[in-house]
Amino acid sequence: MAFALILPLCLSLLFLLPNFALAQSRGNLTVGASLTAADQNFSWLSPSGDFAFGFHKLDNSADLFLLAIWYDKIPDKTIVWYANGDEPAPKNSKLELTDGGLVLTDPQHRELWRSQTITGVVASGAMTDAGNFVLQDGDSVKWESFKNPADTILPSQTFDRGRKVLSSRYSDTNFSRGRFQLDFQGDGDLVIATVNLPSEHANEPYYQSGTTGNSNSSNAGNQLVFNSSGYLYILRENGQRFHFTESMIPSTRNFYHRAVLNFDGVFTHYYYPKTASTGNAKWTTLWSEPDNICQASRVTAGSGICGFNSVCRLDPDRRPTCECPRGYSLLDPNDQYGSCKPNYTQRCEELETGPVEELYDFQVLDNTDWPTSDYALLQPFTEEDCRQSCLQDCMCAVAIFRSGDMCWKKKLPLSNGRVDPNLEGRALIKVRRGNVPRTAPEVRIQKENRDGLIVVGSVLLSFSVFANILLVSAMCLGFYFINKKKLKRMPHQDSFAETNLRCFTYKELEEATDGFKEELGRGAFGIVYKGFINMGSDIQVAVKRLDTVVQDSKKEFKTEINVIGQTHHKNLVRLLGFCDDGEHQLVVYEFLSNGALSSFLFGDNKPSWNERIQIAFGIAGGLLYLHEECSTQIIHCDIKPQNILLDDYYNARISDFGLAKLLSLDQSYTLTAIRGTKGYVAPDWFRNLPITVKVDVYSFGVLLLEIICCRRCVDSKESNADKVILAEWAYDCYNEGSLDALVEHDIEAMDDRNKLERFVMIAIWCIHEDPSVRPTMRQVTQMLEGIVEVPIPPCPFPFMTTS
């Protein structure tokens, strides 16, 4: 009996064995072979087992994978090639070897990447012992990873001149395109340069091999060679070699070798013992270029090796470290090599009173400079003169005093920052003093009133003592009430002079919310509580207790409150007041009785078609105001149904727009860390594109589809896989002319079919992956209202293929 049970099991295991063997194949792979991104990954190995080709799980994500080649016998699985750094593959994505090459698709069958093969068909593929994955048709090579490198080259790899060789990754753990590239130019010179992301523009090189030719000889570099013995050199036209190292190197029989353009811009040759025991070996540097990247790099357009306002310092291993000077902090706390922002901004129309000496001081850094940020040279000047000149100049952020009599004044943003021991000078960095006594206008008025009273009092001494006592007592009483009234206005009002907002103390809001007792909701920036405040009469309010603004400067918080206080639109939730009390920052909004749009849309009872139309109009009008009509352009960054509130008459009011992203009048975009909510976040964030108002347009497009269909943009409980992602399903329904299925045969919507189709087309335009294709909110509003015709939308997923 037991044998009868075991036999089918053994047969089934034998049936599965070919697929398992194929996944772990060390030989040729035939068309149809595939790999799946999963926690327990199989891979295609080279014959020796040194290299593996497959999915590598990213360290900072449990559900994203990199299609890569790595050293399989090294404990840390060092990656030497990768394909989809800008768009990591979700779990359960599939790589398949087809007769057209390798094709990577996500679980929804959208194409993420494919090998760009030459003409003809592919018959087989193989991972070689050199670390090269090759696609072939017989003896003809159709594609190989060696000709499509990422940030690493290996022994046996060669490159002809006239092509970009390597691009760095963005950081040690982020494999998207980085800020450095190694280029073997057409003139035979091998150069390394910074790139101004997200464009392709390369700045002037900070390293050059010097292998260009001249008119009298044929000594120009012709080929970059990393030979099988581990020597990296440039082969000149005349057969001579330019070696990066002339010394003996460890044998490739006993050591692995690789040359990497590191994420910090240093091109380095490493080696690693093949017979090392686990845990006690590491990659050792053989040579690197340039010797001092901090001093080598100097670009006229761009930040340099480190981000703007940062300082590059060379480590003992000749790798750069980037630091923000005191008074500055990282723009993105997760990007240590990124730009720094000042924790204050000295305004030329300074609102604060008092001598600048009491407001600002200098941090002194020896032998530090930002050589391309000068706007004035003062000479001859003493160091004290240099300090005073920068102190009195609202444009001056840093002064460099050097050579005993030279004062270079610099303005923001500071670029190409570095520590240079040969500078023989010091950087005087203007910073805000920690505790500056403020002389507010109200205090001066009180002092003047007090002086006036003293003069009057002295006159009164000439009258009778009794009369003097009565009059002085009356004046003191009047002075008390005047003083009390003015003191009530003092806290923070000098910082928010442009608004009519009420300034609350933390204790007032704590009492108003009964100790922050009743929670209304929570989001990325904090928790919202219900409260009651007397503003002539008791009114209900929503008090948002911010928990992320602490990371930003108070100056930014105050600036944003000033801007928000001046926004007035029927489709925005009104800001009533704020609290800026020490470490506590809170904002007070009007309370809207009908709650969030999410509850209204996704509840048991479907709202009427006309109600949904009016809500869509309201949201579009509010976004148009934020983008184009208020004094300071605001990118909301988190448009979703939870952030749309409904008033007593179910009019849509956008909330949580205050602390999103403000753009000054001369800005059209910004670069910032990812903000928003999954499902509504535009792909611009993940492709390192400039963040413009078009990210809100994308989110509005997703929200418009939710309003049309009364369902969430991602429904993981949906049994039909084609319907899980609303945007994809909506486009399929539009293409197939089945809008009735999209709205689940909503009679009201189907009776208004022209408007339904128009709204769906507008939404498809809005969710286009290319931000330049998306309409503006003004165009969206005009199309919604039928003022302009809606063109037939293109496929919104041009970088993918839909099933």
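Under the working numbering, the first residue of the sequence shown carries the number -4, and numbering increases by one thereafter. We treat Cβ as the ideally placed atom computed from N, Cα and C, and that holds for glycine.
- If you draw a straight line from the Cα of Lys68 to the Cα of Thr247, it is about 15 Å long.
- Looking at Gln358, Ala125, Tyr355, Thr295, the one whose alpha-carbon comes closest to that of Ser410 is Thr295.
- Scanning the region 220 to 305 for uninterrupted alpha helix (DSSP H) segments of 4 residues or longer gives 288 to 291, listed from N- to C-terminal end.
- Less than 8 Å divides the Cβ of Lys525 from the Cβ of Thr508.
- Contact annotation, Asp361 with Arg421: C-beta distance approximately 5 Å; criterion of less than 8 Å satisfied.
- Residue nearest to Gly183 within the set Val220, Arg231, Asn222, Glu199 is Arg231 (criterion: CA-CA distance).
- C-alpha of Tyr251 to C-alpha of Cys289: approximately 29 Å in a straight line.
- Of the candidates Gly49, Asp330, Ala118, Ser398, Ser398 places its Cα closest to the Cα of Gln374.
- If you draw a straight line from the Cα of Thr562 to the Cα of Gln628, it comes to about 11 Å.
- Judged by pairs of C-beta atoms under 8 Å, the region 102 to 109 does not touch the region 127 to 135, as fewer than three such pairs exist.
- Of the candidates Leu99, Glu780, Arg156, Thr112, Glu780 places its Cα closest to the Cα of Gly613.
- One Cα belongs to Thr112, the other to Glu139, and the distance between them is close to 9 Å.
- The beta-carbon separation of Gly572 and Arg497, rounded to 4 Å, stays under the 8 Å limit for a contact.
- In terms of Cα proximity to Thr279, the closest of Val568, Leu185, Arg313 is Arg313.
- Per DSSP, reduced to three states, the secondary structure at Val738 is coil, with no helix or strand assignment.
- Comparing alpha-carbon positions, the option among Asp364, Asp146, Ser588 lying closest to Trp65 turns out to be Asp146.
- Distance between Asp717 and Tyr726, taken at the CA atoms: about 11 Å.
- Per the coordinates, the alpha-carbon of Phe141 lies some 6 Å from the alpha-carbon of Asn127.
- Taking the C-beta atoms as reference points, Asp691 is found nearer than 8 Å to His631.
- Non-local C-beta neighbours of Asp747 in its own chain, meaning closer than 6 Å and more than five positions away in sequence, are absent.
- Of Lys336, Asn287, Cys319, Ala392, the smallest CA-CA separation from Pro416 is found for Asn287.
- Judged by pairs of C-beta atoms under 8 Å, the region 770 to 790 touches the region 602 to 619, as three or more such pairs exist.
- Boundaries of the beta strand (DSSP E) around Arg648: 647 to 649.
- Here Ala32 carries a coil assignment [DSSP, helix/strand/coil].
- Shown here for Arg540: same chain residues with a beta carbon closer than 6 Å to its own, the five before and five after excluded, namely Gly521, Ile522, Leu581 in chain order.
- In this chain, the alpha helix (DSSP H) harbouring Thr776 covers 772 to 779.
- Secondary structure note for Asn529: it is in no alpha helix (DSSP H), and the uninterrupted beta strand (DSSP E) holding it is 521 to 529.
- The residues Val538, Cys574, Leu581, in chain order, have a CB closer than 6 Å to that of Leu504 in the same chain once the five nearest residues on each side in sequence are set aside.
- In the DSSP assignment, the residues bridged to Arg308 are Thr316.
- Ranking Ala121, Arg164, Ala33 by CA distance to the CA of Ser43 puts Ala121 first.
- Straight across, the Cα-Cα distance linking Asp643 with Gln637 is about 17 Å.
- Rounded to the nearest whole angstrom, the C-alpha separation of Ser162 and Ser151 is 19 Å.
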